[in-house]
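K.L.:
Here you go, one structure.
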Amino acid sequence: MRETFLWSSTDKDRIAELLVAGLSASKIAAHFTGASRNAVIGVVYRDKRLKAIGFARVSGFSKPKPEQPKPETYAWTRRPRRARTPSTPAKPALPAPVSREMLLHELDGKQCKWPTNDVPKGGVFLFCGHPRAEQGPYCPYHRSRARVVDSVDR
């Protein structure tokens, strides 16, 4: 642990003189043996008399920036709207088939495998059972409802 620097009243008077002269904390610390810049800052902010004097505000050594010309303002114009293309008519919805409520082991490879019931835990799934479409495991109605991903696009 570092020893704390003890400030006597004569040290504080000397700091007050240096503050009035406009010196920075590091330059004031150089006048005292064993005192750091942070020790000087600490004593200035803890002592009411020194805090009232405060450190000089130095604006720095940078040159003032030249004023930049303001960019010209432009009037906003609307882009012309594109003509609407007639949308393709929606395909007529297929009527929902009445489920045959078949068990999975009763289905052959040509029947729809869409589950038709909401099975509680441990229950038995029932499936549509109608003839399936040419591609995929579902009948045309359930194929229209399913999200079908082609294997070529993967």
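Each position in the sequence shown, counted from 1, maps to that position plus 1 in the numbering used here. By construction, the Cβ of each residue, glycine as well, lies at the ideal position given by its N, Cα and C atoms. This one's a predicted model, so the numbers in the text were calculated from it and none came from an experiment.
May I ask you to verify whether the region 121-135 touches the region 97-104, counting CB pairs closer than 8 Å and requiring at least 3?
P.N.:
yes
K.L.:
I'd like the list of long-range same chain contacts for Leu104, defined as Cβ closer than 8 Å, with 5 residues on each side in sequence excluded.
P.N.:
Val125, Phe126, Leu127, Phe128
K.L.:
Using DSSP bridges, identify the partner residues of Pro116.
P.N.:
Phe128
K.L.:
What does a CB cutoff of less than 6 Å around Ile42 pick up in its chain, not counting 5 residues either side in sequence?
P.N.:
Ala26, listed in sequence order.
K.L.:
Cβ atoms of Ala36 and Phe6: under 8 Å apart, would you say?
P.N.:
yes
K.L.:
Hey, could you find the ends of the alpha helix (DSSP H) Lys64 is sitting in?
P.N.:
For Lys64, there is no enclosing alpha helix (DSSP H), as DSSP marks it with neither H nor E.
K.L.:
I believe Arg50 touches Ala17 by the beta-carbon criterion, under 8 Å. Please report the beta-carbon distance rounded to the nearest angstrom.
P.N.:
7 Å
K.L.:
Of the choices Leu95, Glu135, Gly123, Asn118, whose alpha-carbon is the least far from that of Lys111?
P.N.:
The shortest Cα separation from Lys111 among Leu95, Glu135, Gly123, Asn118 belongs to Glu135.
K.L.:
Do you know whose CA, among Pro121, Thr117, Gly123, Arg83, lies nearest His143's CA?
P.N.:
Thr117
K.L.:
Please name the residue in Ala94, Arg148, Trp8 whose C-alpha comes closest to that of Thr34.
P.N.:
Trp8
K.L.:
Use the C-beta contact count for Trp77: other C-beta atoms within 10 angstroms, 16 or more gives buried, fewer gives exposed.
P.N.:
Taking all protein chains in view, the Cβ of Trp77 is surrounded by fewer than 16 other Cβ atoms within 10 Å, so the residue is classified as exposed.
K.L.:
Given a threshold of 16 other Cβ atoms within 10 Å of its Cβ, counted over all protein chains shown, does Leu20 qualify as buried or as exposed?
P.N.:
Counting Cβ neighbours within 10 Å, Leu20 comes out buried, since at least 16 surround it.
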